[in-house]
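See structure below.
4 protein chains.
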Amino acid sequence: MFDKVNDECGIFGISLKENSKDLIENLYLGMFALQHRGQESAGMSYYYNNKLEVIKSKGLVAGTFFDTVPFNREAKTGIGHTRYPSKYSSNFINAQPLLFNLNKGTITIAKNGSIPKAKQLREELIRDGAIFQTESHVEILAHILSKIKNDNFEEALIEALSKFEGAYSILIQKDDMVIAIKDRFGIRPLSVGEIENGYAFASETNALDLISAKNVRELEPGEIIFCKEGVAESKFLPNIQPPKQCIFELVYIARPDSTVFGESVHTARVNMGKKLAIINKNEVDVVIAVPDSGNVAALGFSKESGVGLDYGLIRNHYIGRTFIRPTQDMRSFAVRIKLNPVKPVVDGKRMAVIDDSLVRGTTSKRIVKMLKEAGAKEVHMFLSSPEVKHSCFFGIDTPTEKELISANKNPEEVAKEIGADSVTFLRVEDLKGCVKEPDKFCFACFDGNYCIEVE
Amino acid sequence: MFDKVNDECGIFGISLKENSKDLIENLYLGMFALQHRGQESAGMSYYYNNKLEVIKSKGLVAGTFFDTVPFNREAKTGIGHTRYPSKYSSNFINAQPLLFNLNKGTITIAKNGSIPKAKQLREELIRDGAIFQTESHVEILAHILSKIKNDNFEEALIEALSKFEGAYSILIQKDDMVIAIKDRFGIRPLSVGEIENGYAFASETNALDLISAKNVRELEPGEIIFCKEGVAESKFLPNIQPPKQCIFELVYIARPDSTVFGESVHTARVNMGKKLAIINKNEVDVVIAVPDSGNVAALGFSKESGVGLDYGLIRNHYIGRTFIRPTQDMRSFAVRIKLNPVKPVVDGKRMAVIDDSLVRGTTSKRIVKMLKEAGAKEVHMFLSSPEVKHSCFFGIDTPTEKELISANKNPEEVAKEIGADSVTFLRVEDLKGCVKEPDKFCFACFDGNYCIEVE
Amino acid sequence: MFDKVNDECGIFGISLKENSKDLIENLYLGMFALQHRGQESAGMSYYYNNKLEVIKSKGLVAGTFFDTVPFNREAKTGIGHTRYPSKYSSNFINAQPLLFNLNKGTITIAKNGSIPKAKQLREELIRDGAIFQTESHVEILAHILSKIKNDNFEEALIEALSKFEGAYSILIQKDDMVIAIKDRFGIRPLSVGEIENGYAFASETNALDLISAKNVRELEPGEIIFCKEGVAESKFLPNIQPPKQCIFELVYIARPDSTVFGESVHTARVNMGKKLAIINKNEVDVVIAVPDSGNVAALGFSKESGVGLDYGLIRNHYIGRTFIRPTQDMRSFAVRIKLNPVKPVVDGKRMAVIDDSLVRGTTSKRIVKMLKEAGAKEVHMFLSSPEVKHSCFFGIDTPTEKELISANKNPEEVAKEIGADSVTFLRVEDLKGCVKEPDKFCFACFDGNYCIEVE
Amino acid sequence: MFDKVNDECGIFGISLKENSKDLIENLYLGMFALQHRGQESAGMSYYYNNKLEVIKSKGLVAGTFFDTVPFNREAKTGIGHTRYPSKYSSNFINAQPLLFNLNKGTITIAKNGSIPKAKQLREELIRDGAIFQTESHVEILAHILSKIKNDNFEEALIEALSKFEGAYSILIQKDDMVIAIKDRFGIRPLSVGEIENGYAFASETNALDLISAKNVRELEPGEIIFCKEGVAESKFLPNIQPPKQCIFELVYIARPDSTVFGESVHTARVNMGKKLAIINKNEVDVVIAVPDSGNVAALGFSKESGVGLDYGLIRNHYIGRTFIRPTQDMRSFAVRIKLNPVKPVVDGKRMAVIDDSLVRGTTSKRIVKMLKEAGAKEVHMFLSSPEVKHSCFFGIDTPTEKELISANKNPEEVAKEIGADSVTFLRVEDLKGCVKEPDKFCFACFDGNYCIEVE
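This is the structure:
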């Protein structure tokens, strides 16, 4: 409904030394904290009564899923998943964790990320006798693992992962063992935390905060942590590469209260706003954010420029995913339903409007129109990221290049298209200056330099 | 909740020459007619827009499933399934049809029946690299099929089925082809019918009646009908055996308005009642059925004996599967909620009470008690089947031998246990006299003569 | 969907000496037993924590209502209601029991029946200042009661009821008192039963059976039983009239295992079937019922005539109220979905088909057609009631006279209309011969003799 | 769950000259915009086919209610309501609009506000013969209206309202007329807007924005606008009083993009923050808001003080009303689930934390603790309102005085209680300086000066 790129899921897991009556509640809370990473379905697996059980529901963690969670059961290991519907179908059959009975035992898998060569790998495996029942990429990993002849599960898994080229952070549950995995470029985030008697793993650290786990560190690229009965052991994939962490996690995906890749999301976004202020060439009277995606960068812009911040657009948080437009006419209300201008802030002003990125430009066009109708004298759009010119194949849901406005128009043309008086993007160099270790990031959606061969 | 054996599913399919706006409605109606064969879940697949789509829901065909059926779509092939939860778990993941993407294309499978060596087959396949995601036996067939190296799908399927030893009637959908299959002993029922421009397949002929299809015949043991674009072609499995049709379909499972295995269910049950009357040695004043399982046999008993039939027990049909007892105390009401005696029919009478079979005896015990409390002078139980002494491994859900009352007690002891004045079973020879072709049937649950090696 | 008259509700109540943990469960079970009298909504009130609480849900007693019932609460009084949507709207706002706060305290009311002058009474009360929030007739009674200036509640209620002319059996709950009421003609059924420490009241005695209450007797016309803390006291309305009990309760509405108006429903229906056999002039080979409405009368017909009873139509009980036809085409399937002929019973036969009554004739027409298509040589319809020529205003939901087939056609014309070879109705005199006390009954829908002035 | 006062509902209505296919959609959108004023239930009435129809559902406007809205119907008048559960029970029976059939016709009523003498009025009316079926205050108005002997509806309504002393903004629908009403003190907000061919009425102007209606003005105290077929006519209640507009609408209840009482909510809150900065005596390093209630005031504080604003607490918007804590232990997570600190903003800082008000202090206590655990050096709480020392009886849901922290403790004691280094409240004089027309407001919750006699 709204013109945003989207992450493909949040993952969370816990492994304790002993059974605990809190495990399932904490697992649930961790998933709840990662709700923003995926609202299509929620699922968890846990080890109970010497068996892996899986529960999944469509919709939110606090929706019908809640009613199915066995809060009164004691367990010591579990993994959870919040799913965003990616390029492949939104079919519920793809909801994770998926359970597989194979020659290495029974496992469940929850993944955040994407495998660029998934189609080809899948076809090869099928040709070779494998059967696929879902469209999920994790089913590919299960089949690769199943074909490996090695009774040592840890070795077999490492061998399988080395054949599973892609961008992924994965949690696998095998009986009372939880395994946390990062691809060899470390593209997608995954942090490890410490809790009493065990460890927790989360896509973002705000999930660790919620269960009072201490954030220890990000996993290394290619790291595999086998965690059983309170003991965690790290191994590594072969052929580890220089990191290529997804910069979009800092630009838009992650919550500002999280740390990902060892970087504070809040701090990075403040820096992005400051950079925008530095490169700004327009005189403006007020700075506003497109809430909530532009909030933190707008703060930085204001600080750096000395132009006052204000709240010019109010967001209605009751939309959720349940708002389905009944008629074609209501479609045009879409942005209006979500955002409403605050007239005294807007009227007669030359405005700097801060957002994180421009994808197709459709929402921005409506926002500019809304602000002008509310009396804005000038609307200058600022994006805390460079022009998105290339599709992502590493776990961010982007449209094809044909649909990316910046793949087809320069900033002046974009400004004209969306009705703004100007449009300013950060450059890749600017963005690099906003994080602590710029060389560790992937900027492929801006510059087309993919670290893995793509379609 | 009630002490009955249960079938493991109903299957229904249609294959037309051309797309039709009636196909999905007729598919739905056929499933509706087979609701008594399984109430746990309902599912269908159909070929739409050059793709196999699958929809499934928990519960009844006329329940939430109804809301998901795309009645307005045109299609020319589809298969449907009503599922009874069998020995393996009632987990929704097992709901059929199941869809498999394999090296022979994409197929959906709906099955009625059981594979005695399922566990062993599954373990072998897993050892060999196969991955199982459900507990359903049809997943075994998919894996066997996937391993066969033969580009000719029909030949490959026949080869796969010949390695899939068991009792089954199966419908497979592959694109716009529907394939109807019977195991080589012909244990479970499956009839073929003719409709305008095509064919229909159904576990029982009442489903053909509902869509105004003409009942043509039962499939032969080991027959495989490939039906595509209005043309049906029969092939056969190798090593076909003398038929071993499930006699319990006639005793209890099938609806009396159906023909199964070429035998009228109604007529067979009237004959069973007559036989019971012939072997009866007690003086009785009235004949009543345990509704609805004993209805038709009671009619036959009355006709043969000249003793008047009456309705002594009224059944509440609003129970469905939704009645869950809130307290332990309500458990004892279970039979009462379902059945209530009609006092003027019962009071002061010597009664012949006709039911189809005795499994554990728990429900019968409560019925006898209820009738005695309503004033019955004598209660003589008559079962229109022999003593069930052996578990079924061929698609009927029976308890273990330990729980089968007749595996452990003779009729006198059974009578004592359930509080009846006498209990009379048909003998296997009697039952054979009730059908047209007795040699074609399996009586293993009575005599232990299994045609396929079992666990 | 099917061409039947329908009752307008079942009522059930319990009053105990002391709080009991079984009260709510027994209340629920009593309602469950009266489900056939109304499937539109279910509701109960009970006295808990010194307050009247009301719960109601759309649909079946064993449906969503079940989930709302507080089975673990202890209470000593409660009343329940199963509602059939009558001439006035099916709007949920009319679901009973309704709660009223008025100058005599707080009361809840559950009613079975109808008030012929409801519209006029309602308009008078509104003119006089009363406010109506529902379309239910019980709201009229509440307003009449409220206007009476008498601090003695029992006297005030009797005065109110004497102004509330109509056909009704009512249960009122006022704190820990349950009041059972019958109109002064005793038109609608209501029985009182004894249980440990208290009394139960039920539209039909099968509800008393289910909670193991002993059936004591029907209430008298105009009787009002005030039941509090285990003590029951009878009072009477002024101007009590000779009874005019609804004969349709015996013909069709009540369950055969019930006693209503002191008459066994089963016995009365057997007698009706016998009478039909006596007045029959056609040679027939077999007797079948339209299930379940004609079941018991068919038995009587067979007994009397000596012609064999058989089961020629099988009913699908999975329809419930959830079956909504998706397309106009499926409408014609309506009867088929419910009933299917048993070919070997029908083929080549001259059939006596027994049903309880003919209203519009639409369903019968389809049944005759279905039987003829299944090979019936002759179809002779027999109705265990006279020609329905007049609408009921006393609690049975009948169409207007214009729609009543027998108000407009004689039996020969009816036979032609529905395609039958003949149609035979009982005469009123015949029907009188089927019950113990014929002078106590109302036959107005047959003869137009209304005991209360109607619209 | 969270320690906030709450408004008791939002109301919205439209009256057009002619039927329009947009009316119901616009009615729906207006309600959606007022969702923040009440999430317990949603309801609307509209005039269709010469009849008033009412639909209501539990929960959100975009929840199950959405599915019941007949978007394809043409209508010209309608009113809607979003309900907050107030002191009287959350029972669904109280969901508005309520429909009343009375001697002046059929009307529906939707109200925002409260009647201090409701209990007494209700008891008098009941004594006088009125029947109450709900706990809603609007039922009182209906009864007063019903008792007035005057065939002129407009005069009768004005007479009724003059006896209905309280704080209320009301919408009444009578056939194709919509009537907008404000009490004679003008305590609760209600604005009128113009749309093509008619008028709209809304608790807040953001609802007018959403349907592109032009905000005309607030209703005057005691004003009654009768709006029919595109013509609006104003009348007035007798004995109109100097306005006493609820200041809490500006402090907390209304959305910042709304105008209420002719005052911009945003501007008023910026002023409040500025005043807080002026009276502040503490040195602080950073200003943060408790989101979202303190957002705008924090902006004003930062502007005035020159201390940088930052986002130190992140709010999870996926909570909604569905989050029910499964265990007692999860209760302590309540604040955490909603808010999480942003470490780099908090760590080592002396913080000014801005919120709108302190009621019980329970949430603030947890926020202070959370910030201190995240490293805050000092936490100074600033409230953009005075100490709440008195309960509201005029439509804001406040606890009793016993529970109000400031009724029992001075600021120093409050600071100690919640663990803050200091707590600063605005004084009433300060607050007066934040709005354009301070004399028009009610400050009773701060100073106890009630304009209407209360319990």
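Chains as they are written, first to last, in our numbering: chain A, 8 to 462; chain B, 8 to 462; chain C, 8 to 462; chain D, 8 to 462.
Here a beta-carbon is modelled for each residue, glycine too, at the ideal position from N, C-alpha and C.
All of these numbers come straight from a predicted model, not from anything done at the bench.
Against chain D, the beta carbon of L433 of chain C has no neighbour under 8 Å; the closest one sits roughly 43 Å away. Assignment of beta-bridge partners to S52 of chain D by DSSP yields D:V61 and D:I86. Per DSSP, I425 of chain B lies in no beta strand (DSSP E) segment; the continuous alpha helix (DSSP H) that holds it begins and ends at P418 to I425. In terms of CA proximity to K118 of chain A, A:G173 leads the group A:T75, A:G173 and A:A422. For N108 of chain C, there is no enclosing alpha helix (DSSP H); the residue is found in the beta strand (DSSP E) stretching over L105 to L109. The beta-carbon of I133 of chain B is placed less than 8 Å from the nearest beta-carbon of chain A. Excluding its 5 nearest sequence neighbours in each direction, V277 of chain D has C-beta neighbours in its own chain below 8 Å: V303, A304, L306, G307 and K310, listed in chain order. Under DSSP, R224 of chain D forms a beta bridge with D:V199. If you check each beta-carbon in the segment 113-143 of chain D against every beta-carbon of chain A, none falls closer than 8 Å. In the DSSP annotation of this structure, the continuous segment of the alpha helix (DSSP H) that includes I133 of chain D starts and ends at A125 to R134. Each of D:F73, D:G440, D:D446 and D:V297 was checked against the Cα of K372 of chain D, and the nearest Cα belongs to D:V297.
By the neighbour-count definition (other C-beta atoms within 10 Å, threshold 16), N222 of chain A is a buried residue. In this structure the segment 448-462 of chain D touches the segment 399-414 of chain D; the number of beta carbon pairs closer than 8 Å is three or more.
Residue nearest to E201 of chain A within the set A:Y259, A:I425, A:R224 and A:P245 is A:R224 (criterion: CA-CA distance).
With a threshold of 8 Å between beta carbons, N289 of chain A makes no contact with chain D. Listed in chain order, the positions of the segment 51-78 of chain A with a beta carbon within less than 8 Å of a beta carbon of chain D are L67, V68, A69, G70, F73, V76 and F78.
For G112 of chain B, the enclosing beta strand (DSSP E) starts and ends at G112 to S121. Residues of chain C whose Cβ lies closer than 8 Å to the Cβ of D362 of chain B do not exist, since the nearest Cβ in that chain is about 16 Å away. Setting aside the 5 residues that flank it on each side, R80 of chain D is surrounded in the same chain by I31 and Y55, each with a C-beta closer than 7 Å to its C-beta; the list follows chain order. Residue pairing of L306 of chain D in beta bridges, as defined by DSSP: absent, with no partner found.
Taking C-beta atoms as the reference points, F432 of chain B and P418 of chain B count as a pair closer than 8 Å. Within the same chain, Cβ atoms closer than 6 Å to the Cβ of K350 of chain B are found at A381, the five residues on either side in sequence being excluded. The beta carbons of I177 of chain B and I188 of chain B sit about 4 Å from each other, so the pair counts as a contact at 8 Å. Within the segment 212-234 of chain C, N213, D216 and L217 place their CB atoms closer than 7 Å to a CB of chain B, listed in sequence order.
With 16 or more other CB atoms across the displayed protein chains lying within 10 angstroms of its CB, E394 of chain D is buried. Think of a sphere of 7 Å around the beta carbon of K154 of chain A: the chain B residues whose beta carbon falls inside it are G136, in chain order.
For D354 of chain D, same chain residues with a beta-carbon under 7 Å away, outside a window of 5 residues either side, are A381 and G382 in chain order. Taking one beta carbon from each stretch, the segment 204-211 of chain B and the segment 40-52 of chain B have 3 or more pairs nearer than 8 Å; the two touch. DSSP places E81 of chain D in the coil class of the three-state scheme, outside both helix and strand.
Contact residues of the segment 145-172 of chain D toward chain C are A149, H150, S153 and K154 (C-beta to C-beta distance below 7 Å). Taken atom to atom, the span from the alpha-carbon of A427 of chain C to that of I254 of chain B is near 38 Å. T266 of chain B sits close to V272 of chain B, with the two beta carbons spaced by under 8 Å. In the DSSP assignment, N347 of chain C falls within the beta strand (DSSP E) that extends over L346 to P348. Among the residues of chain D, those whose CB is under 8 Å from the CB of K310 of chain A are G315, following chain order.
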